[in-house]
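Residue numbers (this note's numbering): 2 to 154.
Encoded structure:
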């Protein structure tokens with residue numbers, strides 16, 4: 002099941018469970034994980050994109066050991082809320098990982114990278130360190146926003 006509705010997603014996971022957050026880019030996939038009680042999200046290892054089957058296998062390798070029960074994927078909408086070419090690509094990515102058998106929540110990710118970049122600049126991180134961490138931190142930002150909404154459903 003793929004949805005943009007947090008209530009529908011929550012209904013498939015009434016007992017909670019760890020979630021995998023993804024920030025799907027063209028060169029990398031930022032990943033994040035949250036605790037089973039949906040309290041906090043933390044960055045996880047970055048996946049450098051190669052071929053889709055290899056990317057999917059790298060992500061699937063995280064599911065079992067981390068006891069993942071659902072997936073939250075950042076949906077890159079235009080600022081006006083409309084779909085963009087990246088939105089369509091992300092929706093296709095979600096359809097391609099639907100066979101994991103886990104519920105998938107597509108979450109509006111507008112401003113996530115900007116918010117993370119600002120925080121890293123405030124922390125005076127170098128450009129190189131920011132580039133290295135931005136995608137996984139953006140995934141954590143997306144996942145945190147989603148779990149904050151899910152606990153209030």
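We put the CB at the ideal spot given by N, CA and C, even for glycine.
Note that the coordinates shown come from a computational prediction; the quantities given were computed from them, not determined experimentally.
| Asked | Found |
| --- | --- |
| Euclidean distance between Cα positions of residue 62 and residue 53 | 14 angstroms |
| Under the three-state DSSP convention, the category residue 13 falls into | helix |
| Nonlocal neighbours in the same chain, by C-beta distance under 7 angstroms from residue 109, ignoring five residues either side | 76 and 78 |
| Counterpart residues of residue 43 in DSSP-defined beta bridges | 34 |
| DSSP-derived helix/strand/coil call for residue 4 | strand |
| Among 58, 73, 28 and 56, nearest to residue 136 - alpha-carbon criterion | 28 |
| Alpha-carbon spacing of residue 157 relative to residue 19, whole angstroms | Because residue 157 is not part of the residues shown, which for the chain are 2 to 154, the question remains open. |
| Minimum C-alpha distance to residue 141 - residue among 25, 4, 80 and 103 | 25 |
| Beta-carbon gap between residue 33 and residue 40 smaller than 8 angstroms | no |
| Member of 3, 100, 143 and 22 whose CA lies at the smallest distance from the CA of residue 67 | 22 |
| Continuous beta strand (DSSP E) stretch holding residue 24: start and end | 19-25 |
| Span of the alpha helix (DSSP H), counted from its first residue to its last, around residue 57 | 53-64 |
| Which residues DSSP lists as bridging residue 109, in chain order | 76 |
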